[in-house]
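In what follows, a single structure is set out as structure tokens and then discussed.
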Amino acid sequence: MGSKQMNKHSYTALATVLTLTGIVVGDINSAFAEPAAAASVALEEVVVSARRKEENLQKVPVSVIAFTEKDLRKNSISNLQDVGAQSANVMIMPSSNAGASAASIYIRGIGQFDEIVTTDPGVGVYIDGVYFARTTGALLNIGDFQRVEVLRGPQGTLFGKNTIGGAVNITTKKPEHELGGYIDASYGRFDRIDVKGAFNMPIIADTLSARVSASSVNADGFAHQANGVDTGDKDTQGIRGQLRWTPSTTVDVVLSADKSRIDERLEPRSTSYIDPTAPIAAGFNLLGSMFPELFEGAPDFGPQYLSPSPYLNYATGENTNKLDAWGTSLHVSWQLNEDITLTSITSYRSQESRSALDGDATPAIFIQFNEEIDQNQFSHEAQVKGVSFDGKLDWVTGVIYFYEDADMVTDSFQVPDLRFFIGDTSRHDIQGIKNNSIGVFAEGTYHVTDQFSATLGLRYTYEKKKWTHDLRQQYFGASLIPPGTETESWNPVTPKVGLQYRPTEDVMTYVSLSRGFRSGGFNGRANTAGVQSFDPEFVWTYEAGFKSQWFDNTLRLNGAAFYNDYRDLQILVVTATPEGGFEIFTRNAAKAKTQGFELEMLAAPVEGLELSGSVGYLDAKIKKSESPAIPAGNRLQMSPKWSFNLGAQYTVPIESFGNASFRIDWAHKSKIYYNAENSDAIADDFSSLNARISFLSKKGWELAGFVTNLTNAHNAVGGFDAPAFGFGIQQWGRPREYGISVRAEF
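Next comes the structure, spelled out in structure tokens:
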């Protein structure tokens with residue numbers, strides 16, 4: 221990002237912030253005409269669509285945490301990573317391999333361990349009912365969102381494939397038949413400028429309306445490389461346009477199109493250890509001492525390149541991430557009668573991503589990656605939902621077709637300075653995946669009595685993948701895999717059964733048994749074993765939970781306990797070669813049994829005071845493994861044993877103006893392993909403390925000051941361990957940031 225472009229963005233957005241701030245401060249000083257409205261003590265109802273229809277969160281027999289538009293703002297949530305930090309048994313981090321825009325999402329210990337196109341994620345991401353097949357581009361900034369839901373546990377019946385861990389279900393705000401909108405701007409540390417807004421406009425009264433929303437995030441880097449390059453900067457823009465047509469009270473049509481771009485450097489990395497006696501490091505140093513003139517980078521590799529802080533490294537290679545994505549969708553809802561509604565969701569999406577990574581973060585050129593992904597997808601889903609038997613049976617059924625065409629080119633250079641001695645160690649991989657799948661599903665809940673209900677659901681999926689590959693590699697003696705085409709198909713069945721009991725109107729208990737799966741795929745990394753495919757991964761989940769409200773709806777207490785039995789667990793296996801290098805495979809090499817619970821509380825004990833908290837426990841361990849490097853007893857990666865979240869907000873009325881709110885949020889996750897080998901060298905816990913004070917005018921203006929990561933904790937958000945090379949890398953989250961924000965609604 222050029223400095224002139226950055227200054228232009230900064231000056232424009234800063235002027236916006238200062239202008240709005242002046243208006244709001246003036247409004248605070250002058251608005252003394254009307255009495256402040258008393259804050260309501262009762263908790264607001266939360267609506268979710270976890271069962272493919274909108275309903276009260278407290279009536280949904282699924283472990284769900286939901287963030288409304290108001291929650292996202294008051295909790296200082298700016299992207300999906302912040303959602304993960306404030307959710308029990310959920311981890312959402314930037315990928316260690318595929319760039320900062322790629323989301324590494326784990327729920328209850330299951331997620332995506334490799335972002336290569338031949339491997340699928342374990343948590344599905346949905347926006348307005350549209351499935352995002354790749355996690356690249358899924359680490360979304362919070363834009364014009366109505367709500368964000370995190371569904372824990374397999375969602376194989378209603379959402380389908382690749383939701384074995386759960387799903388992230390996002391709903392955007394739709395056009396309304398009224399003129400209005402908002403603008404929200406903030407300025408903070410590292411010259412960070414966040415601007416977002418939306419404009420809603422009726423075109424034909426009560427029939428046709430439009431909504432346009434946009435967002436931009438720009439910030440300077442907060443970490444440094446020894447060559448003078450800053451990392452951890454932000455340069456992201458997005459825009460969405462929607463048309464809504466409601467020709468009658470029974471028909472609702474929404475046409476949507478969006479586009480986003482990212483052009484920034486990667487999250488900062490540092491070396492957690494350097495071992496010059498490791499096999500490859502030792503050989504490198506020996507030859508470097510004998511023939512230093514043959515080395516393009518540093519001819520030695522040792523502790524002198526150990527990072528003195530998380531925000532400084534000695535990398536000399538490129539660390540960048542670029543993404544261009546766009547998509548369109550058409551949603552049609554037609555209510556045939558009072559009991560039956562037809563829904564159609566058609567979507568096309570396309571994205572191009574480019575990332576470059578200096579994998580060793582030193583001037584000694586050990587590992588350098590350059591990766592390009594071009595991905596296109598089309599999907600069409602038709603649903604019919606309704607009620608039957610005088611309201612005793614709620615049901616939904618549907619069919620979905622999904623097609624994906626993704627190409628990936630990877631250039632990697634493994635110790636290129638040694639090519640004179642051991643030959644070419646570079647790799648040039650060209651591969652593509654074509655994925656066709658059809659899913660047919662149905663689920664119904666029968667209300668036996670006013671208190672007792674039973675649920676039965678089933679989905680059949682047929683999936684066929686075609687992989688074309690040309691893995692041109694001379695990798696420490698590994699064989700070249702010749703170009704070719706491979707095809708595999710699978711047809712899993714994912715049922716669900718459940719029972720619900722409501723002893724009172726405010727308490728619901730449930731038990732369920734459900735099955736989920738992650739799609740099979742192909743080993744897209746060159747290796748001596750040649751072409752290999754791997755099968756789908758399956759889980760049976762047993763869950764018991766409750767939803768409850770107490771004391772006239774001033775206390776909400778929800779909880780769930782679960783037991784997961786994973787079979788054919790897909791894990792990334794790193795094996796050594798006789799020549800001293802390593803190879804990477806994805807295999808169905810393990811079984812795992814995990815168990816735990818989530819408990820969540822929201823309370824409004826007195827007028828103006830809101831308290832929230834959650835705790836998650838996760839015992840996620842490998843029970844059987846075919847890989848010596850990943851023995852039984854290892855924890856699943858990205859699965860902290862404990863998750864804690866606490867929040868408090870106090871709102872006081874300001875006479876004739878509005879109110880002032882003071883909020884603090886704390887999140888903590890215990891020790892996190894970032895690989896299946898459980899390398900302590902790149903393991904860490906995670907803690908974050910955020911604070912916010914805001915002044916809200918009854919005229920729709922809000923002025924706020926905020927601090928994120930108040931204690932300036934050094935939080936690792938990813939890592940990579942290469943013991944054969946003699947180093948480990950940790951990837952770091954953002955340090956303390958502070959600033960002011962202004963929001964105006966009109």
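The numbering of the sequence shown is my numbering, which starts it at 221 and goes up by one.
We treat Cβ as the ideally placed atom computed from N, Cα and C, and that holds for glycine.
| field | Close beta carbons around LEU719, own chain, < 7 Å, minus the five adjacent residues each side | value | Within the sequence shown, the letter at position 499 stands for residue 719. Exclusion of the five residues before and after LEU719 leaves ALA674, TYR730 and VAL731 as the residues of its chain whose Cβ lies within less than 7 Å of its Cβ.
| request: State the start and end residues of the unbroken alpha helix (DSSP H) segment that holds PHE504. | output: For the purposes of this step, residue 504 is taken as residue 284 along the sequence shown, with counting starting at 1. Boundaries of the alpha helix (DSSP H) around PHE504: 499-510.
| query | Is LYS605 near THR566, with beta carbons less than 9 Å apart? | reply | Position 385 of the sequence shown, counted from the first residue, corresponds to residue 605. Position 346 of the sequence shown, counted from the first residue, corresponds to residue 566. No.
| request: Below 8 Å on the Cβ atoms is my guess for LEU923 versus PHE915; work out the distance and round it to an integer in Å. | output: Working through the sequence shown from its first residue, we reach residue 923 at position 703. Working through the sequence shown from its first residue, we reach residue 915 at position 695. Rounded to whole angstroms, the Cβ separation of LEU923 and PHE915 is 5 Å, and the two are in contact under 8 Å.
| Euclidean distance between Cα positions of LYS228 and GLN597 | As a working mapping, residue 228 is identified with position 8 in the sequence shown. As a working mapping, residue 597 is identified with position 377 in the sequence shown. Only weak support is given to the placement of LYS228: the predicted model assigns it a pLDDT of 44, under 50, and the value that follows is read from those uncertain coordinates. Separation of LYS228 and GLN597 (C-alpha to C-alpha, rounded to the nearest whole angstrom) is 35 Å.
| task | State whether the segment 806-825 contacts the segment 750-768, with contact taken as three or more CB pairs (one from each stretch) at a distance under 8 Å. | result | Yes, they touch.
| Considering only C-alpha positions, which residue in the set ILE650, ARG738 and ARG272 is nearest to PRO702? | In the sequence shown, counting from the first residue as 1, residue 702 sits at position 482. Nearest option by C-alpha distance: ILE650.
| request: Enumerate in chain order the residues of its own chain whose CB-to-CB distance from ARG956 is below 8 Å, with the five nearest sequence positions on each side excluded. | output: In the sequence shown, residue 956 corresponds to position 736, counting from 1. Shown here for ARG956: same chain residues with a beta carbon closer than 8 Å to its own, the five before and five after excluded, namely ARG409, VAL927, THR928, ASN929, LEU930, THR931 and ASN932 in chain order.
| field | Rounded straight-line distance, which links the Cα of TYR958 to that of VAL343 | value | In the sequence shown, the residue the question calls residue 343 occupies position 123. In the sequence shown, the residue the question calls residue 958 occupies position 738. Each residue's alpha carbon lies about 32 Å from the other.
| query | Under a Cβ-count criterion, where at least 16 other Cβ atoms within 10 Å of its own Cβ denotes burial, should TRP1012 be classed as buried or exposed? | reply | Lying outside 221 to 966, the shown extent of the chain, residue 1012 is not represented and no answer is given.
| Cross-strand partners of PHE882 (DSSP beta bridge) | Locating residue 882 in the sequence shown gives position 662, counting from the first residue. DSSP output for PHE882 lists TYR870 and ILE913 as bridge partner(s).
| message | Am I right that ARG883 and ALA868 are in contact with their C-beta atoms under 8 Å? What's the rounded C-beta distance? | response | On the sequence shown, position 663 is the one that residue 883 refers to. On the sequence shown, position 648 is the one that residue 868 refers to. Indeed they touch by this definition, with Cβ atoms about 7 Å apart.
| request: Tell me whether ALA446 sits in a helix, a strand or coil according to DSSP, three-state version. | output: Within the sequence shown, numbered from 1, the residue matching residue 446 stands at position 226. Three-state result, ALA446: coil.
| query | To which residues does DSSP link PHE817 through a beta bridge? | reply | Looking up residue 817 in the sequence shown gives position 597. Per DSSP, the beta bridge partners of PHE817 are ALA781 and TYR837.
| field | PRO636 (DSSP reduced to helix, strand or coil) | value | Your numbering for residue 636 matches position 416 in the sequence shown. In this structure, PRO636 counts as helix in the three-state DSSP scheme.
| How far does the beta strand (DSSP E) with ASP726 in it reach, from first residue to last? | Translated into the one-based positions of the sequence shown, residue 726 becomes position 506. No beta strand (DSSP E) holds ASP726; DSSP gives it neither H nor E.
| task | Check whether the segment 270-281 touches the segment 330-341, taking contact to mean three or more Cβ pairs, one atom from each stretch, closer than 8 Å. | result | Between the segment 270-281 and the segment 330-341 there are fewer than three C-beta pairs closer than 8 Å, too few to call the two in contact.
| said: Only counting the same chain, and skipping five residues up and downstream in sequence, which positions put a Cβ closer than 8 Å to that of ALA262? | reply: Here residue 262 refers to the residue found at position 42 of the sequence shown. Cβ neighbours of ALA262 beyond the five flanking positions: ASP772, ASN773, THR774 and ALA824.
| query | For MET728, does the count of other Cβ atoms within 10 angstroms reach 16, so buried, or fall short, so exposed? | reply | Taking the first residue of the sequence shown as 1, we reach residue 728 at position 508. Here MET728 is buried. Its C-beta has 16 or more other C-beta atoms within 10 Å.
| What does DSSP give as the partner residues of THR665 in its beta bridges? | As a position in the sequence shown, residue 665 is number 445, starting the count at 1. DSSP lists ASP614 and THR675 as the bridge partner or partners of THR665.
| Between the Cα of PHE966 and the Cα atoms of ALA418, THR392, ASN361 and ALA936, which residue gives the shortest distance? | Here residue 966 refers to the residue found at position 746 of the sequence shown. The option with the nearest alpha carbon to PHE966 is ALA418.
| task | Please confirm whether SER575 and THR536 have their CB atoms less than 9 Å apart. | result | For the purposes of this step, residue 575 is identified with residue 355 of the sequence shown, where counting begins at 1. For the purposes of this step, residue 536 is identified with residue 316 of the sequence shown, where counting begins at 1. No, the pair does not count as a contact, with Cβ atoms beyond the cut-off.
| My guess is that TRP615 and GLY659 are in contact by the Cβ rule of under 8 Å, so how many angstroms apart are they, rounded? | Along the sequence shown, one-based indexing puts residue 615 at 395. Along the sequence shown, one-based indexing puts residue 659 at 439. With a Cβ gap of about 17 Å, TRP615 and GLY659 do not count as contacting.
| field | Nearest neighbour of VAL635, chosen from LEU678, GLU706, LEU514 and VAL759 [CA to CA] | value | Translated into positions along the sequence shown, residue 635 becomes position 415. For the residues LEU678, GLU706, LEU514 and VAL759, the minimum Cα distance to VAL635 belongs to LEU514.
| message | Give me, in chain order, the residues of the same chain whose beta-carbon lies closer than 6 Å to that of ALA623; leave out the 5 immediate sequence neighbours on both sides. | response | Position 403 of the sequence shown, counting from 1, holds the residue named residue 623. Note that residue 623 is Tyr in the sequence shown, not Ala. If we look at TYR623 and ignore the five residues flanking it on each side, its Cβ neighbours are PHE598 and ASN656.
| Neighbourhood of ILE423 by C-beta, 7 Å cutoff - its chain only, sequence neighbours within 5 removed | Within the sequence shown, numbered from 1, the residue matching residue 423 stands at position 203. Closer than 7 Å at Cβ, skipping near neighbours: SER429 and ALA430.
| Helix, strand or coil at LYS416 according to DSSP, with G and I counted as helix | As a position in the sequence shown, residue 416 is number 196, starting the count at 1. In the structure shown, LYS416 sits in a strand (DSSP, three-state: E or B).
| message | For a quick check, are the C-beta atoms of SER549 and VAL350 less than 9 Å apart? | response | The sequence position of residue 549 within the sequence shown is 329, counting from 1. The sequence position of residue 350 within the sequence shown is 130, counting from 1. At the C-beta level, SER549 and VAL350 come within 9 Å of one another.
| message | Between the segment 397-414 and the segment 488-495, can you find at least three pairs of beta-carbon atoms closer than 8 Å? | response | Counting Cβ pairs under 8 Å, fewer than three are found: no touch.
| Supposed close pair GLY376, SER734 - CB separation, criterion 8 Å | Residue mapping note: residue 376 aligns to position 156 of the sequence shown, counting from 1. Residue mapping note: residue 734 aligns to position 514 of the sequence shown, counting from 1. Contact flag correct, Cβ pair sits at about 6 Å.
| Can SER890 and ALA308 be called in contact, C-beta distance under 9 Å? | By 1-based counting over the sequence shown, the position of residue 890 is 670. By 1-based counting over the sequence shown, the position of residue 308 is 88. With contacts defined as CB atoms closer than 9 Å, SER890 and ALA308 fail to qualify as a contacting pair.
| query | How is ILE482 classed by DSSP in three states: helix, strand or coil? | reply | As a working note, residue 482 is residue 262 in the sequence shown. ILE482 falls in the strand class under three-state DSSP.
| request: Return the Cβ separation of LEU792 and GLY329 in integer angstroms, given the expectation that the two are a contact with Cβ distance under 8 Å. | output: In the sequence shown, the residue the question calls residue 792 occupies position 572. In the sequence shown, the residue the question calls residue 329 occupies position 109. Not a contact, Cβ separation roughly 15 Å.
| Can you check whether the CB of PRO583 is closer than 9 Å to the CB of ALA446? | On the sequence shown, position 226 is the one that residue 446 refers to. On the sequence shown, position 363 is the one that residue 583 refers to. Using a Cβ distance threshold of 9 Å, ALA446 and PRO583 count as a contacting pair.
| query | With a cut-off of 9 Å, does the C-beta of ARG574 fall near any C-beta of chain C? | reply | Protein chains in the displayed structure number just one, and chain C is not present.
| said: Going by DSSP, what residue range makes up the alpha helix (DSSP H) through ARG293? | reply: By 1-based counting over the sequence shown, the position of residue 293 is 73. Segment 289-294, the alpha helix (DSSP H) holding ARG293.
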